[in-house]
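Residue numbers for the sequence shown follow the working numbering, so the first one is 2 and each next one is one higher.
Beta carbons are placed, not taken as given, at the ideal position from N, Cα and C, and that holds for glycine.
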Amino acid sequence: MNVGIVQVDGKYPNLALMKSATWYELQGHKVKIFDPLFDKPDLILASKIFDFTPDYQYFPEGVPVIKGGIAYDIKSELPPEIENCCPHYELFGCDHAMGFTTRGCIRKCKFCKVPEKEGHIREVGDIYDFWRGQKQLMLLDNNLTALPEQLERTCKQLTKEKIVTDFSQGLDIRLINADMTKLLSKVRLWKQTHFAFDNVRLESAVRRGIEILTTNGVAHHKLMFYVLIGFDSTPEEDLYRVELLRSLKVDPFVMKFNKDNKYQRNFARWVNHKAVFKTVKWEDYKSAV
Ligand code: SF4
Numbered sequence: 002m003n004v005g006i007v008q009v010d011g012k013y014p015n016l017a018l019m020k021s022a023t024w025y026e027l028q029g030h031k032v033k034i035f036d037p038l039f040d041k042p043d044l045i046l047a048s049k050i051f052d053f054t055p056d057y058q059y060f061p062e063g064v065p066v067i068k069g070g071i072a073y074d075i076k077s078e079l080p081p082e083i084e085n086c087c088p089h090y091e092l093f094g095c096d097h098a099m100g101f102t103t104r105g106c107i108r109k110c111k112f113c114k115v116p117e118k119e120g121h122i123r124e125v126g127d128i129y130d131f132w133r134g135q136k137q138l139m140l141l142d143n144n145l146t147a148l149p150e151q152l153e154r155t156c157k158q159l160t161k162e163k164i165v166t167d168f169s170q171g172l173d174i175r176l177i178n179a180d181m182t183k184l185l186s187k188v189r190l191w192k193q194t195h196f197a198f199d200n201v202r203l204e205s206a207v208r209r210g211i212e213i214l215t216t217n218g219v220a221h222h223k224l225m226f227y228v229l230i231g232f233d234s235t236p237e238e239d240l241y242r243v244e245l246l247r248s249l250k251v252d253p254f255v256m257k258f259n260k261d262n263k264y265q266r267n268f269a270r271w272v273n274h275k276a277v278f279k280t281v282k283w284e285d286y287k288s289a290v
């Protein structure tokens, strides 16, 4: 059987599709990225993860399509035999490893789909399930800090293998302690380590966490905080949070809750353009746009 793969959206290679590609190949099928102009597959596997992107327009008539991903169905899950496959990195031209060592989260942030989709946090494996000797690894765990023993095991594996790592989904500043920081500081970082400062009520946790991180071997410039705006904060609180992070010598990165909102777009553009953020005040930027 010929299997066509359609990744509808997302800038990173889709993990579920990469695992599915491996499984179908192992069953003896031919798998390729679907090209609507030239391909006539017997089956299409499609994934869509964002609600705001349009659906794929070129599904061929008469060909069965298996759709997955949270935008199609928040409860969609891979069968265990596919979930346990190593991703098919080659098919997607992906030169780094990607995967989860935990699923779920201990928290229930109202803007986040993880609690509904994945439930409470639990260990699901380790890096050797999906790392195939690549230099870089993107760890997709939602809240590794919530399972300290798993964080320790993962950091020790990453350090031992000298893997350049991106903790891509962020760590929880409320849970950071000195032991975790020492483990994290030994991991070679691909990008800055991300945390979230989603509302002003987290101020004391953010201050405390930055103090712990920077006094235990993680430099200020390696820290970045996502700042969610437009969900349950006022513009004054948004400005307060980014200026507080600036004063604490770490980088803010604004996440817009509503991408169509003009204020949110402008504020995000101001903060996320580092050169502009460093040199132009919000009052001046706001009146110029
Ligand atoms: S801590 Fe992160 S992963 Fe967990 S519910 Fe909140 S936003 Fe989602």
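Using alpha carbons as the reference points, say which of the options lies closest to residue i.
i	options	result
G70	D167, F51 and Y59	F51
D167	K192, K187 and L152	K192
A295	K260, L214 and I34	With the chain covering only 2 through 290, there is no way to say anything about residue 295.
I122	A147, G210, Q8 and V228	A147
K109	F254, D199 and M139	D199
L184	E150, I211 and D56	E150
G134	Y90, V125 and F39	Y90
S77	L27, H195, E117 and L229	E117
V4	I230, K31 and I211	K31
V115	P55, M2 and L141	L141
D261	A98, V277, T54 and K136	T54
I230	N273, K257 and S248	K257
K250	W283, P236, E212 and V277	E212
R175	R209, V188, K161 and T194	R209
Q8	K49, V281 and W283	K49
T280	T194, T160 and E244	E244
K163	H222, T182 and R189	R189
T194	E204, T182 and P37	T182
Between the alpha carbons of residue i and residue j, how many angstroms are there, rounded?
i	j	result
N85	M19	11 angstroms
V219	T23	38 angstroms
F112	F232	8 angstroms
D74	D285	44 angstroms
C106	N143	6 angstroms
G94	G11	15 angstroms
L224	D40	45 angstroms
V125	C87	13 angstroms
N259	Q265	7 angstroms
A206	F196	11 angstroms
Y59	L79	24 angstroms
F278	V228	14 angstroms
K263	N273	15 angstroms
V255	S248	16 angstroms
D203	P236	Looking at the sequence shown, residue 203 is not Asp but Leu. Looking at the two C-alpha atoms, the distance is approximately 16 angstroms.
D320	I177	Past the boundaries of the shown model lies residue 320; the chain is included only from 2 to 290, so the question cannot be answered.
G29	S234	53 angstroms
Taking the beta strand (DSSP E) that residue i belongs to, which residues open and close that run?
i	result
D252	D252 to K257
F226	L224 to I230
Q8	N3 to Q8
T166	V165 to F168
L44	L44 to S48
L138	Q137 to L140
A197	T194 to A197
I67	V66 to G69
K31	K31 to I34
A98	A98 to G100
Could you give the residue range of the alpha helix (DSSP H) that holds residue i?
i	result
M181	A179 to S186
Q151	P149 to K161
Q265	K263 to N273
T291	This structure cannot speak to residue 291, because the chain is shown only from 2 to 290.
A289	W283 to A289
A22	L16 to L27
E82	P81 to E84
P55	From DSSP, P55 is part of no alpha helix (DSSP H); its letter is neither H nor E.
R247	P236 to S248
V115	V115 to E119
Can you give me the Cβ contacts of residue i inside the same chain, cut-off strictly under 7 angstroms, excluding the 5 residues immediately before and after it?
i	result
Y241	V201
Q170	L141, D142 and N143
E82	W24
P42	N3, V4, G5, F35 and V64
W283	L240 and W271
H221	T215, K250 and V251
A72	K49, I50, F51 and D52
Using a Cβ-Cβ cut-off of 6 angstroms (strictly less than) and excluding sequence neighbours within five positions of residue i, which residues of its own chain qualify?
i	result
I34	I6
L246	F226 and P253
E119	R104 and G105
D173	N144 and T146
P14	F93 and C95
L37	Position check: residue 37 holds Pro in this sequence, whereas Leu was assumed. The residues are Y59.
Once you ignore the five residues that flank residue i on each side, which residues in its own chain have a CB closer than 8 angstroms to its CB?
i	result
D127	T102, R154, T155 and Q158
N1	In the structure as shown, the chain begins at 2 and stops at 290. Residue 1 is therefore absent and cannot be evaluated.
I67	L44, I45, L46 and A47
S186	N217, G218 and V219
G63	none
L92	I6, M19, A22, V32, K33 and I34
K275	D252
A269	I230, V255, M256 and K257
If residue i and residue j are in contact, beta carbons under 8 angstroms, what's the gap, nearest whole angstrom?
i	j	result
L145	L138	That belief does not hold up - the Cβ atoms of L145 and L138 are roughly 13 angstroms apart, past 8 angstroms.
L27	M99	That pair is no contact at about 19 angstroms.
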